[in-house]
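Residue numbers 75 to 569, in our numbering, belong to the letters of the sequence shown in order.
Beta carbons are placed, not taken as given, at the ideal position from N, Cα and C, and that holds for glycine.
This one's a predicted model, so the numbers in the text were calculated from it and none came from an experiment.
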Amino acid sequence: MLYPEIIHHGATEGVTGSCHQLQMDAVTSLLIDCGLFQGEENKQGNEVANSMAVDFSIETVKALIITHVHADHVGRIPNLLAAGFKGPILCSEPSAKLLPLVLEDAFKLEHGRDEKQLERYLKLIEQRTIALPFDTWFSLAQTPTLICRVRLQRAGHILGSAYVECDIEYPAENRNRRVVFSGDLGASHTPLLPSPKSPERADVLVLESTYGDRLHEERSTRQARLEDVIDKALADLGTVLIPAFSIGRTQELLYEIEDILHRKALLSKDSGSEGRAPGDPAFEPDPDSTLPINWPQLPIILDSPLASRFTKVYQELDEFWDAEATARLDNGRRPLRFDQLITIDSHAKHLQTVNYLASTGRPAIVIAGSGMCSGGRIVNYLKAMLGDSRHNVLFVGYQAKGTPGAAIQAYGPKGGYVELDRERFTISAGVTTLGGYSAHADQQGLVDFVTGMSEWPAEVRLVHGEAQAKKALSNVLQRKYLIAKRSIEVVIPGS
Numbered sequence: 075m076l077y078p079e080i081i082h083h084g085a086t087e088g089v090t091g092s093c094h095q096l097q098m099d100a101v102t103s104l105l106i107d108c109g110l111f112q113g114e115e116n117k118q119g120n121e122v123a124n125s126m127a128v129d130f131s132i133e134t135v136k137a138l139i140i141t142h143v144h145a146d147h148v149g150r151i152p153n154l155l156a157a158g159f160k161g162p163i164l165c166s167e168p169s170a171k172l173l174p175l176v177l178e179d180a181f182k183l184e185h186g187r188d189e190k191q192l193e194r195y196l197k198l199i200e201q202r203t204i205a206l207p208f209d210t211w212f213s214l215a216q217t218p219t220l221i222c223r224v225r226l227q228r229a230g231h232i233l234g235s236a237y238v239e240c241d242i243e244y245p246a247e248n249r250n251r252r253v254v255f256s257g258d259l260g261a262s263h264t265p266l267l268p269s270p271k272s273p274e275r276a277d278v279l280v281l282e283s284t285y286g287d288r289l290h291e292e293r294s295t296r297q298a299r300l301e302d303v304i305d306k307a308l309a310d311l312g313t314v315l316i317p318a319f320s321i322g323r324t325q326e327l328l329y330e331i332e333d334i335l336h337r338k339a340l341l342s343k344d345s346g347s348e349g350r351a352p353g354d355p356a357f358e359p360d361p362d363s364t365l366p367i368n369w370p371q372l373p374i375i376l377d378s379p380l381a382s383r384f385t386k387v388y389q390e391l392d393e394f395w396d397a398e399a400t401a402r403l404d405n406g407r408r409p410l411r412f413d414q415l416i417t418i419d420s421h422a423k424h425l426q427t428v429n430y431l432a433s434t435g436r437p438a439i440v441i442a443g444s445g446m447c448s449g450g451r452i453v454n455y456l457k458a459m460l461g462d463s464r465h466n467v468l469f470v471g472y473q474a475k476g477t478p479g480a481a482i483q484a485y486g487p488k489g490g491y492v493e494l495d496r497e498r499f500t501i502s503a504g505v506t507t508l509g510g511y512s513a514h515a516d517q518q519g520l521v522d523f524v525t526g527m528s529e530w531p532a533e534v535r536l537v538h539g540e541a542q543a544k545k546a547l548s549n550v551l552q553r554k555y556l557i558a559k560r561s562i563e564v565v566i567p568g569s
């Protein structure tokens with residue numbers, strides 16, 4: 075057999091379960107990601123068990139490299155360890171900070187809430203994790219027959235996200251191969267994070283294709299559209315509910331809302347009508363107040379303990395922010411910790427906030443998980459407020475088929491209903507979907523990542539996408555190569 079060989083253990087039939095094995099010789103391989111299967115991509119049978127199963131041999135796996143900490147890339151790590159994996163876990167420095175928070179949830183899903191067992195597990199993760207700086211080669215193998223180095227580069231998807239360059243040398247054969255795994259690539263105009271830059275070269279590229287068949291809505295104007303949507307929603311004298319994922323999307327929303335608040339406050343000051351910012355972390359407004367308030371008085375409520383923990387880590391790792399975000403810090407602004415931001419931690423306070431907002435006309439913005447309304451604290455808000463036309467639901471993320479979020483999107487404008495915890499709730503609240511908030515590169519971004527290399531890859535393997543997305547991206551790449559008079563082999567595993 076001619077090495078290296080790539081074996082895919084997930085993300086071949088959809089967009090979850092990312093897990094790829096780079097077999098470098100008969101006894102040495104690396105694993106890139108080990109993620110959960112989610113939604114309709116779960117295998118048949120017991121949903122939790124099969125979504126986390128490690129059903130392949132790990133005998134030759136010497137190290138696990140993770141591209142970023144989303145569950146569909148790291149959620150099977152508890153089972154990987156249970157299967158006997160003894161090697162190191164390599165990731166970027168920010169990912170090393172975020173990983174224990176994600177795996178704590180994954181561990182509880184699989185093994186329950188035994189605190190002592192959880193503590194031992196997290197200690198093991200800490201001992202195994204090696205945090206690598208970006209743009210620095212790290213040696214993983216050096217024998218007379220095999221030399222392997224890996225390097226992480228910024229992917230711009232979420233904080234700490236990376237694509238992986240694997241440089242493999244076979245000294246006895248005088249042969250070298252460069253294999254690149256894209257992980258999830260970020261889109262342009264993403265707040266907080268620098269955009270990804272193409273690697274110098276690749277012989278083989280394993281490329282995500284989530285949005286390989288479409289272009290995103292204009293991202294540079296998305297903040298203005300967010301402001302307009304919220305202004306209109308607040309005119310209904312109710313609450314704007316934003317279901318959001320705990321890591322990435324929530325922090326982007328907070329960053330952009332802070333900028334809107336900052337500009338609104340300046341405008342109010344210039345016009346002599348400066349509002350009174352609440353600044354009250356207990357969120358105890360006047361119970362008799364049902365009048366609309368202006369932006370400088372608007373409570374922004376983050377009701378997700380996990381999102382709050384991720385946001386704190388984002389704040390601690392501001393050295394990895396982009397130049398624009400850093401400039402705001404230098405000017406004394408706090409993009410993720412502004413005065414009007416209220417965090418809700420306890421369950422009792424959560425229920426109190428739901429009841430208060432549902433029963434009054436106090437305008438507010440609530441950001442709560444989960445992003446597809448399939449669980450988490452957003453469900454209680456929806457149960458209490460979907461039947462009231464004063465309130466509005468604002469979607470800024472993809473709603474997968476079969477989720478409550480997709481049902482609200484589809485039937486809300488028709489005055490339909492949605493099932494939450496096996497109970498029907500009529501949808502009278504406003505429903506709006508705002509494009510431009512995807513954390514993934516679109517078709518153009520993916521093509522640019524390939525063609526931005528000095529040496530284009532001769533082989534591109536398309537993963538992490540639906541069938542139509544992979545096919546469309548394959549066609550575009552082949553046309554690009556044809557025009558440039560270059561050769562390409564596009565491989566779609568599992569097809």
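- Apart from the 5 residues on each side of it in sequence, Phe181 sits with its Cβ closer than 7 Å to the Cβ of Pro152, Leu192 and Tyr195 in its chain, given in chain order.
- Collapsing the DSSP output to three states places Arg252 in a strand.
- Comparing alpha-carbon positions, the option among Asp241, Thr427, Thr477 and Pro174 lying closest to Ser448 turns out to be Thr477.
- Below 8 Å, enough C-beta pairs join the stretch 224-239 and the stretch 260-274 to call them touching: three or more.
- Counting other Cβ atoms within 10 Å of its Cβ, Val101 stays below 16 and is therefore classed as exposed.
- The Cβ atoms of Glu533 and Val278 sit closer than 9 Å to each other.
- Pro218 is classed as exposed because its beta carbon has fewer than 16 other beta carbons within 10 Å across all chains shown.
- Per DSSP, Pro317 is one residue of the beta strand (DSSP E) stretching across Thr313 to Pro317.
- For the 9 Å CB-CB criterion, Leu460 and Ile418 do not form a contact.
- Restricted to the stretch 208-278, the beta strand (DSSP E) segments that are unbroken, complete and at least 3 residues in length are 212-216, 221-228, 236-244 and 249-255, listed in chain order.
- Where Leu547 is concerned, the enclosing alpha helix (DSSP H) starts and stops at Ala541 to Ile557.
- Straight across, the Cα-Cα distance linking Gly186 with Arg150 is about 15 Å.
- Taken in chain order, the whole beta strand (DSSP E) runs of length 3 or more contained in the stretch 146-207 are 163-166 and 203-206.
- With fewer than 16 other Cβ atoms inside 10 Å of its own Cβ, Asp404 counts as exposed.
- Pairing Leu431 with Thr506 gives a Cβ-Cβ distance that is not under 9 Å.
- Proximity of the stretch 465-480 to the stretch 434-450 meets the contact definition, three or more beta-carbon pairs being nearer than 8 Å.
- Taken atom to atom, the span from the alpha-carbon of Tyr329 to that of Pro409 is near 5 Å.
- As DSSP reads the structure, His94 sits in a beta bridge with His82 and Ile106.
- At a cut-off of 3 residues, the continuous stretches assigned as beta strand (DSSP E) that sit fully inside the stretch 377-434 are 415-417.
- Here Ala438 is bridged, per DSSP, to Thr313.
- Taking all protein chains in view, the Cβ of Ser294 is surrounded by fewer than 16 other Cβ atoms within 10 Å, so the residue is classified as exposed.
- Between the stretch 166-174 and the stretch 88-104 there are fewer than three inter-stretch CB-CB distances shorter than 8 Å, so the stretches are not counted as touching.
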